[in-house]
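>
Listed below in structure tokens is the structure:
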């Protein structure tokens, strides 16, 4: 029960939802830079949401399977093929033994997340299977995948094939499956040190367009643009930071921290990107142009709650689909013409699975 890496691509690593409970010891969260995308992909193939999958950066991964599996992926815009068949984002595919899964180069965005039924069976290190690429532990031997690596896979439950016999005609909601956009906007709440910047600097944060620097990585996105000079030059004591924090170093070029970021920092924190928009941040690549938009903290909380509510409906829809053999051949879990009774009636409402043409 293995997947053989016939081509590793630019940067591919084993990730799940991250390593929590150890930041006080200086250990990064790591994990999928868009954990929501991985959760959706895992649900599509019948895994627990936290099962280990693959994070692919810029594409190029080729995998060959030695047994049958279900596959789904979410993220940027990639050309994905199983033999001569295209596998769009948010769909589910049934692979047979010997099939090869190939990811082309990213067309829009930077990353995608792949779920394989049964999950990837790597050792749990400090409570997580995620790879910490800076510290070289977790995941597959603490490193990015290489050509020829063999990934052990978890047990494949036959019931996971019930949803589709080929590539599903239904899909996860499009904005979940493909969060990458051109010229994105990142919403933020003001940071703890925003009062160290004058009003004109804070205004520039929302008025200017920032370019993503080639120096960006899983630790953080660096931006080029006019310098964000602070008014208060007093040295700061290093204190906690987290994925989403926007720091301003002495150069004045903002840095948006991501999953592999350090646990403390001494640069002023001008803002914090809201949790639901970290999916957009994870898709930024060198040369992209970004705008920032300020929102109240209450809006950040509301948007996160709404997304979790919608995901719960999606989770219910997936479970209904898997339990109804008739769904294999004729349609999605979605709004029915007959909402007054029966299994189809009970599936109405919400962002469930969507039928594609």
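Residue numbers (my numbering): 2 to 358.
All C-beta atoms, glycine included, are put in the ideal place defined by N, C-alpha and C.
1) Could you check if residue 305 is buried or exposed, using at least 16 other CB atoms within 10 Å of its CB as the buried criterion?
2) Quick one: what's got a C-beta closer than 8 Å to residue 330's C-beta in the same chain, skipping five residues either side?
3) Reducing DSSP to helix, strand and coil, say where residue 129 ends up.
4) Along the chain, where does the beta strand (DSSP E) that runs through residue 13 open and close?
5) State the beta-bridge partners of residue 310 as determined by DSSP.
6) Residues in its own chain within less than 6 Å of residue 178 by CB, not counting five upstream and five downstream?
7) To test your reading of the DSSP string, which unbroken alpha helix (DSSP H) runs of 4 or more residues are found completely within the stretch 256-298?
8) Once DSSP output is grouped into helix, strand and coil, what is the label at residue 146?
9) Please classify residue 1 as buried or exposed, where buried requires at least 16 neighbouring CB atoms within 10 angstroms.
10) Of all the beta strand (DSSP E) runs that stay within the bounds of the stretch 188-219, which reach a length of 3 or more residues?
11) So is residue 97 buried or exposed if we call it buried at 16+ other beta carbons inside 10 Å?
12) Hey, residue 10 and residue 88 are a contact pair by Cβ (cut 8 Å); roughly how many whole angstroms apart?
13) Which residues mark the beginning and the end of the beta strand (DSSP E) in which residue 66 is found?
14) So the beta strand (DSSP E) residue 37 belongs to, where does it begin and stop?
15) What residue from 41, 20, 67 and 220 has the CA that sits closest to residue 6's CA?
16) Could you tell me if residue 338 is buried or exposed, where buried requires 16 or more neighbouring beta carbons within 10 angstroms of its beta carbon?
17) Please determine, among 292, 86 and 116, the residue with the shortest C-alpha to C-alpha distance to residue 49.
18) Between the C-alpha atoms of residue 196 and residue 35, what's the straight-line distance to the nearest angstrom?
19) With DSSP collapsed to three states, give me the class of residue 70.
20) Starting from residue 225, follow the beta strand (DSSP E) in both directions and report where the run begins and ends.
21) Rounded to the nearest angstrom, what separates residue 123 and residue 155 at their Cα positions?
Short version:
1) The residue given as residue 305 occupies position 304 in the chain shown. Burial call: exposed.
2) Start at 1 with the first residue of the chain shown, and residue 330 comes out as number 329. Caution applies to residue 330, whose pLDDT of 36 falls short of 50 and renders its modelled position unreliable; the model cannot decide the point.
3) Counted from its first residue, the chain shown places residue 129 at position 128. Reduced to three states, the DSSP call for residue 129 is strand.
4) Within the chain shown, numbered from 1, the residue matching residue 13 stands at position 12. Looking at the DSSP string, the run of the beta strand (DSSP E) that includes residue 13 is 12-16.
5) Numbered from 1 along the chain shown, position 309 holds the residue referred to as residue 310. In the DSSP output, where bridge partners are listed per residue, residue 310 has none listed.
6) Residue mapping note: residue 178 aligns to position 177 of the chain shown, counting from 1. 75, 90 and 91, listed in sequence order.
7) Listed in chain order, they are 279-282.
8) For the purposes of this step, residue 146 is taken as residue 145 along the chain shown, with counting starting at 1. It is coil, neither helix nor strand.
9) Only positions 2 to 358 of the chain appear in the structure, and residue 1 is not among them; the question remains open.
10) Runs of the beta strand (DSSP E) inside the stretch 188-219: 211-213.
11) Position 96 of the chain shown, counted from the start, is the residue given in the question as residue 97. Residue 97 is exposed by the Cβ-count criterion.
12) On the chain shown, residue 10 is found 9 positions in, with the first residue counted as 1. On the chain shown, residue 88 is found 87 positions in, with the first residue counted as 1. Incorrect: roughly 16 Å between the Cβ atoms, too far for contact.
13) Residue numbering aside, residue 66 sits at position 65 when the chain shown is read from its first letter. Counting along the chain, the beta strand (DSSP E) containing residue 66 begins and ends at 63-66.
14) In the chain shown, counting from the first residue as 1, residue 37 sits at position 36. Premise fails: residue 37 lies in the alpha helix (DSSP H), 36-45, not in any beta strand (DSSP E).
15) Start at 1 with the first residue of the chain shown, and residue 6 comes out as number 5. With distances taken between Cα atoms, residue 6 lies closest to 67.
16) In the chain shown, the residue the question calls residue 338 occupies position 337. Below a pLDDT of 50, predicted positions are generally treated as unreliable, and residue 338, at 31, falls in that range; the measurement from the model is reported next regardless. The C-beta of residue 338 has fewer than 16 other C-beta atoms within 10 Å across all chains shown, which makes the residue exposed.
17) Within the chain shown, numbered from 1, the residue matching residue 49 stands at position 48. The candidate whose alpha carbon is nearest that of residue 49 is 116.
18) What you label residue 196 is simply residue 195 of the chain shown in a count that begins at 1. What you label residue 35 is simply residue 34 of the chain shown in a count that begins at 1. Distance between the alpha carbons of residue 196 and residue 35: 30 Å.
19) Here residue 70 is taken as the residue at index 69 of the chain shown, counted from 1. Here residue 70 carries a strand assignment [DSSP, helix/strand/coil].
20) On the chain shown, position 224 is the one that residue 225 refers to. Where residue 225 is concerned, the enclosing beta strand (DSSP E) stretches over 221-225.
21) Within the chain shown, numbered from 1, the residue matching residue 123 stands at position 122. Within the chain shown, numbered from 1, the residue matching residue 155 stands at position 154. Residue 123 and residue 155: Cα-Cα distance of roughly 9 Å.
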